[in-house]
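Counting in UniProt numbering, the sequence shown runs from 1 upward without gaps.
The structure appears right after this line, and notes come after that.
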Amino acid sequence: MMNIILFGPPGAGKGTQAEKISSNFNLPHLSTGNIFRENIKNETPLGKKVKSIMDSGNLVPDETVVELVASELDKPMYDNGVILDGFPRTVAQAKELDSYLEKNDKQIDAFITLEVPEEELISRILNRGEGRSDDTPEKVKTRLQVYRNETKPVMDYYEEKGAVQKIDGVGSVDEIFNRIKDAVSE
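In structure tokens form, the structure reads like this:
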């Protein structure tokens, strides 16, 4: 049983690495981004709300995100662990997650953060062509700034708990994955 938080700025390669960790450790991958995209695509009320927030370049409010993740984590497929990708984004979300896990006799076993220089992130995001409405150089810089301001404290929060593993996020997908595997297996 292993609960892993995969962390890093937009464009760090979290989704790609989460899939590799998922198949290697046989853990389900919970991406708030995927949950959001699914809801946006299906035009659910939550999806419409989330889309307008994201289109303005802002982060979705804590309550909305926590509600979404908690209801997902209640599913039996997550009983033996999970890879959380894109969550928690704020210290408030991290504390909510901790209390949710405690209630269910679980904890975060590893907090893996992918470290990538900003120029590299910007070029990756602009080249990945997901067609997000906020994938312009200006908006990407805004998203990175929002990430630094609002989500770095989350890393500090988990650092105090001794759970943080910093991984060099530059290199081939396999090189980065091997660094993660080594860190998780320690």
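Glycine included, each C-beta is placed from N, C-alpha and C at the ideal position.
Beta bridge pairing from DSSP links G81 with M2. By the criterion of at least three beta-carbon pairs nearer than 8 Å, the segment 35-46 is not in contact with the segment 133-147. For the pair G81 and P88, the Cα-to-Cα distance works out to about 16 Å.
Scanning its chain for C-beta atoms nearer than 7 Å, with the 5 sequence neighbours on each side dropped, one finds around S22 the residues P28, H29 and I83, in chain order. By the Cβ test, the segment 12-21 is not in contact with the segment 53-65, since fewer than three Cβ pairs between them sit closer than 8 Å.
When C-beta atoms of the segment 87-102 are compared with those of the segment 152-159, three or more pairs fall below 8 Å, so the two segments count as touching. The Cβ atoms of D109 and N26 do not sit closer than 8 Å to each other.
Cβ contact annotation for V164 (same chain, cutoff 7 Å, sequence separation greater than five): F111, T113, M155 and Y158, in chain order. Measuring C-alpha to C-alpha distances from L68 to each of N178, E102, F36 and T151 identifies F36 as the nearest. Annotated three-state conformation of I108 is coil, per DSSP.
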